[in-house]
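Colleague: Take 7 as the starting number for the sequence shown in the numbering used here and just add one per residue. Dropping a structure here in structure tokens format, bear with me for questions.
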Amino acid sequence: MLRTAKFALAAAALSTTALSPLVMAAPAKVKPKLASVAASKALVAAPIVAPPIVYQRRVLPNGLKVITSRDTTTPNVSVQMWYGVGSKDDPNGRSGFAHLFEHLMFKATRNMPSETLDRLTEDVGGFNNASTWDDFTNYYEVAPANHLERLLWAESDRLKALVIDQPVFASERDVVKEELRQRVLADPYGRFFSLAIPQQSYAAHPYKRPGIGSIEELDAATVDDVRAFHQTYYRPDNATLIVVGNFDQARLDAMIDQYFAPIEKPSTPIPQVTAVEPARSGPRTVNTYGPNVPLPALAITWLAPSARDKDAAALTVLDAVLSAGKSSRLYDTLVYEQKIAQSVFSNAPNNAQPGIFYVGAVMAGGKTVAQGEAALRAQVARVRDQRVSPAELAEAKAGLLADAVRKREEIDGRGFALGFAQEVEGDAARANTDLAALQAVTAADVQRVAQKYLADDRRTVIRYLPEKDRPAGEKDATPPIPKVASVKYDGPIVTLAPESERQKPPPVGAPVAAVLPTPAEKTLANGLRVIVAKSSDLPLITADLTVKGGASSDPKGLAGTSSLTAELLTEGTTTRSATDVARQIEALGANLEAGSGWEAASLTLSVTASNATPAMAIMADVAEHPAFSPQELARVRAETLDGLSVSFQRPGSLAGFATAPLLYAGSAYGHVAGGTPGSLPRIKPADLVKTHAAYWRPDNAVLVLTGDLTPEAGFALAEKAFGSWKKPAAAPPTPPAAPTAYAPRNLVIDLPGTGQAAVVLAKPAITRADPRYYQGVVANTVLGVGFSSRLNQEIRIKRGLSYGAGSSLTPQGRIGGFSARVQTKNESAGEVIGLTRAEITRLAAEPAAANELSARKSVLVGSYGRELGTSEGLANILGNLAIYGVPLTEIQAYAAKVEAVTPEEVQAFAKDKLDPAQMSVIVAGDAKVMGDALLKAAPNATVIPAAKLDLDSPSLTR
């Protein structure tokens, strides 16, 4: 599946997740003012039923809660530890502490040297991660089921015997600082979502403290602070162990008793947050500011109950009515009708203690926060004063229930649902009963909670404006950082035992065989190739229609044509308005998205099995009969241009935009795939019509159907939906020629005031048909895929210079590319370039060790297997194989071909295709702060101010 690079803004969760990007809320599209009569007839949707999670629960004598859920259809297992400590429990003057500690939990224990957990997960084809929320911190792994005992042993060891020393503490603190710079300081809206909203919404409750902390408070922390924190909160009676996957229940219970029951429960009580947020006495408005803010933003917040409150379900439905999907009220008004917002968002409370409900918007170019406030308040007043319609209520519930089904497709998703219910709502059963509570919500309930909690005289309006607009002498609203002395820790200190004295991990069990999907295919009479494969028994279906073409087919000077063509598919057909498409799809609980890559574009549907037939009828109409109305094009283009203005303030996005124009200059690939501020205004409806007619045709397309269906059922769905699609008489267009000329070029994009620099080393590489494809994939994985890759080891783990360093190899039909990408503080950009070059050089200088190569191959095979296990992942794999002309039997051959790659082949590939001397260096950051070290690392670099960057010009400057 291919996705347009959305220029969406973050309506982000305030939690902090290690090694994961912030949750980004992509803006939905909305209806036009008039809906067609024929297509707006009420659509009868089948009920959506999320299968309940069957589980067992018990409590050990030491207080550890244990929740297990068996699934014999998977070859994997997920082990999760949830601790009842989150950002609200950060010590005063140490905001960000729970999150900092989360990082330290991946280091050494008495029996495990640092990064052992990666050896036990990533190196055998699994993964591990963690996240810090306001109320909890959770650690989770997925690995082959025969490694279950090892994971339990490891989790017990880091609970009872974590090593906390000065070198590891200092290194991980540096990593967290880079994470803060990347998420908060380098993103134009990072300060808004991560700092301003929580700080200004609460007066007394510690939810007001930013979960990621501040540089000053991180610097103030000491090893004694960390040791005391671990002793206080990391204890069996403050934890929940969750295991989901393929296991024998009796054997699992015995292992849990063996490894966790002996851990003693401390005699001291667990500290509890008892602060009570005072009721608001009146409305309040506060101005906050940030650098590099291209569009002003605002949020309006109200105090709200906890997630376990009886009103939580109604507030969740209200949240969906306001901002979920293309027909939501906020988009309907602010983005479409009034055209005053680039994106909108809302959020229902999800805290264990009373939290907040908020709505907000990032304004469109030229619009003001005053306009946004008036429009948002009007919509909130509307839900207070009038009941939502039956159709709106049904759509909101359908979307929520279908999303619950999607989240339960993977074992770790089911584990998260159980853990969240236990830790936040106080009862794991809520993972199932909450869905029934959503179903029971009435329109009267929605109005009642809006009236109860969203009173106009209890609002807090938080405006976020460019720093340059701050009036002279205006006081900074940011709360001061408290100065607090560190604690003195006199408890036990754990050290890594000598190797001869360490307890060895338990042996690996007998492997559980994976059952690989077997695709079936046929070609319809109109030339449409249809591929069907069953992915699971969950009642979910993915339909992915992919056509050859993509951004490489963009007319000269009209970069973004393919992208806009795909995006406009869902914005109305000849018989359905954009409203009809949005509301009918959402009434079915479905998602319908379109996007474009370099050599293909796609339309993808996700729907529960009971609603597949009507959803695919809408999908077919969208694919075959788009209207491409001038009004919809103008709206979508304006949103995209506003989004670009935001992306141009993000160093990572800027560096990414410049990559294709440098690597493929002068060819059909030498432009920005999604379009530029110069090219997008030149695109007319006729350009979209022409592109659609040329490429969106059955004999140029592949339809993949995956999920809970048989080949016969899939072929019948395809025939019913797409069998009447007419094939044009003329042949499809000839693909453009591949790029032929390349010369490395160094580029520095100067973005003054940004909090971090983005560093990219890139060059052309192999195509998908290259016989060295698997050698290249393995080589790239050794270098830069996964936490234990060489780049991440050298740049993050050893030196703390980045939140994450990695590389990618992107072989396609006629082009291929390689890039290594890192974000770091501006001062370190030159150093990071040198370290990246050194690791690429080392890959070509000597063969990889056998154990390293085996581990990196396991990363590839394990990730591939997990992707095959979801309907969307399987559809993605099959669609790509079909588009690039690879036999579908590659699914069965993949693991063997990866395992066959030798160390010498990896070395030879790196030497031939990854020569750092032939790589272009692209850096986006604050040139003044990056200094001379950058120019030494990137000699003869062209330095272009971001304000003068012209991505349509061969010189890249105007």
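We treat Cβ as the ideally placed atom computed from N, Cα and C, and that holds for glycine. Bear in mind the structure is a predicted one, so any value in this text is a computation, not a measurement.
If you reduce the DSSP assignment to three classes, tell me which class Ala850 lands in.
Modeller: Ala850 falls in the helix class under three-state DSSP.
Colleague: By alpha-carbon positions, which one of Asp96, Gln348, Val130 ends up nearest to Asp231?
Modeller: The shortest C-alpha separation from Asp231 is found at Asp96.
Colleague: Three or more C-beta pairs under 8 Å: does that hold for the segment 685–699 against the segment 627–647?
Modeller: They touch, by the three-pair rule.
Colleague: Which same chain residues end up closer than 7 Å to Leu971 when comparing Cβ atoms and leaving out the 5 residues on each side of it in sequence?
Modeller: The question about residue 971 has no answer here: the residues shown for the chain are numbered 7 through 964.
Colleague: Can you list, in chain order, the stretches of the beta strand (DSSP E) that have 3 or more residues and sit fully within the segment 231–303?
Modeller: Correct list: 245–251, 290–296.
Colleague: Quick check on the burial criterion: 16 or more other C-beta atoms within 10 angstroms. Buried or exposed for Gly371?
Modeller: So Gly371 counts as exposed.
Colleague: Give the straight-line distance between the Cα atoms of Pro302 and Thr78, rounded to the nearest whole angstrom.
Modeller: Answer to the nearest angstrom: the Cα atoms are 51 Å apart.
Colleague: Does the Cβ of Pro777 have 16 or more other Cβ atoms within 10 Å, making it buried, or fewer, making it exposed?
Modeller: Under this definition Pro777 is an exposed residue.
Colleague: Does DSSP put Leu8 in a helix, in a strand, or in coil?
Modeller: Below a pLDDT of 50, predicted positions are generally treated as unreliable, and Leu8, at 35, falls in that range; the measurement from the model is reported next regardless. Leu8 falls in the coil class under three-state DSSP.
Colleague: Determine the direct distance from the alpha carbon of His631 to that of Lys726, and round the result to whole angstroms.
Modeller: Lys726 and His631: Cα-Cα distance of roughly 16 Å.
Colleague: Scan the segment 770–831 and note each continuous beta strand (DSSP E) run of 3 residues or more that stays entirely inside, going in chain order.
Modeller: Those beta strand (DSSP E) runs which fall completely within the segment 770–831 and span 3+ residues are 811–817, 822–830.
Colleague: Quick one: residues in its chain with C-beta nearer than 8 Å to the C-beta of Tyr459, no 5 flanking neighbours on either side, listed in chain order?
Modeller: Taken in chain order, the residues that qualify are Trp308, Leu309, Ala310, Pro311, Asp317, Leu321, Phe363.
Colleague: Hey, out of Ile203, Arg703, Thr948, Lys332, whose CA is closest to Thr291's CA?
Modeller: Checking every option, the nearest Cα to that of Thr291 belongs to Ile203.
Colleague: If you draw a straight line from the alpha carbon of Leu158 to that of Ala267, how long is it in whole angstroms?
Modeller: Computed Cα separation, rounded: 12 Å.
Colleague: Determine whether the beta carbon atoms of Leu753 and Met925 lie at a separation below 8 Å.
Modeller: The answer is no: Cβ separation not under 8 Å.
Colleague: For Leu471, report the span of its beta strand (DSSP E) as first-last.
Modeller: It spans 466–472 - the beta strand (DSSP E) in which Leu471 sits, taken as one unbroken run.
Colleague: Using 10 angstroms around the beta-carbon of Arg249, count the other beta-carbons present and answer buried if the total reaches 16, otherwise exposed.
Modeller: Correcting the residue identity first, residue 249 is Val in this sequence and not Arg. Flag for Val249 reads buried.
Colleague: Between the segment 172–181 and the segment 493–512, do three or more beta carbon pairs fall short of 8 Å?
Modeller: The segment 172–181, when compared against the segment 493–512, does not touch it at the 8 Å Cβ threshold.
Colleague: Reducing DSSP to helix, strand and coil, say where Gln377 ends up.
Modeller: If DSSP states are grouped into helix, strand and coil, Gln377 belongs with the helices.
Colleague: Could you tell me which residues DSSP puts in a beta bridge with Ser352?
Modeller: Val365, per the DSSP bridge assignment.
Colleague: Looking only at its own chain, which residues have a Cβ that is under 6 Å from the Cβ of Arg9, when we skip the five neighbours before and after it?
Modeller: At Arg9, the pLDDT of 26 sits below 50, so the modelled position is not reliable and the matter cannot be decided from this model.
Colleague: Taking only the alpha-carbon atoms, compute the straight-line gap between Asp243 and Leu70 and give it to the nearest angstrom.
Modeller: Distance between the alpha carbons of Asp243 and Leu70: 5 Å.
Colleague: Please confirm if Gly405 has its CB atom under 8 Å from at least one CB of chain B.
Modeller: No chain B is part of this structure, which consists of one protein chain only.
Colleague: Ignore the nearest five residues each way along the sequence and tell me which others in Ile950's own chain have a CB closer than 8 Å to its CB.
Modeller: The residues are Leu753, Val754, Ile755, Asp756, Leu962, Thr963.
Colleague: Identify whether Ala149 lies in helix, strand or coil by the three-state DSSP scheme.
Modeller: Three-state DSSP puts Ala149 in a strand.
Colleague: Identify which residue in Thr238, Asp956, Asn134 has its Cα closest to the Cα of Gly497.
Modeller: Per the Cα distances, Thr238.
Colleague: Taking the C-alpha atoms as reference points, what is the distance between Glu718 and Gly812?
Modeller: Distance between the alpha carbons of Glu718 and Gly812: 42 Å.
Colleague: Below 8 Å CB to CB, which residues in the same chain sit around Ala516 once its five sequence neighbours on both sides are set aside?
Modeller: Within the same chain, Ala516 has close Cβ partners Asn152.
Colleague: Is DSSP giving Gly90 helix, strand or coil here?
Modeller: Looking at Gly90 - three-state DSSP - the assignment turns out to be coil, as it is neither helix nor strand.
Colleague: Roughly how many angstroms lie between the CA atoms of Phe728 and Leu660, to the nearest whole one?
Modeller: If you take the alpha carbons of Phe728 and Leu660, they lie about 40 Å apart.
Colleague: Closest to Glu905 by C-alpha separation, out of Glu800, Lys831, Leu941, Tyr780, would be which residue?
Modeller: Comparing Cα-Cα distances from Glu905 to each of Glu800, Lys831, Leu941, Tyr780, the minimum goes to Tyr780.
Colleague: Can you list, in chain order, the residues of its chain with a C-beta nearer than 7 Å to that of Phe915? Leave out the 5 residues immediately preceding and following it.
Modeller: Counting only Cβ-Cβ distances below 7 Å, and skipping sequence neighbours, we find Arg778, Gln781, Gly782, Ala785.
Colleague: Under a Cβ-count criterion, where at least 16 other Cβ atoms within 10 Å of its own Cβ denotes burial, should Pro667 be classed as buried or exposed?
Modeller: So Pro667 ends up on the buried side.
Colleague: Kindly give me the distance between the Cβ atoms of Arg76 and Gln255, rounded to whole angstroms, as I take these residues to be in contact under 8 Å.
Modeller: So it is a contact: roughly 6 Å between Cβ atoms.
Colleague: Going by C-alpha to C-alpha distance, which of Ala427, Lys554, Gln206 sits closest to Asn886?
Modeller: Checked all of Ala427, Lys554, Gln206; the closest Cα to Asn886 is Lys554.
Colleague: Excluding five sequence neighbours on each side, which residues of the same chain lie with their C-beta closer than 7 Å to the C-beta of Val394?
Modeller: Only Val327, Ala449, Val452 meet the Cβ criterion.
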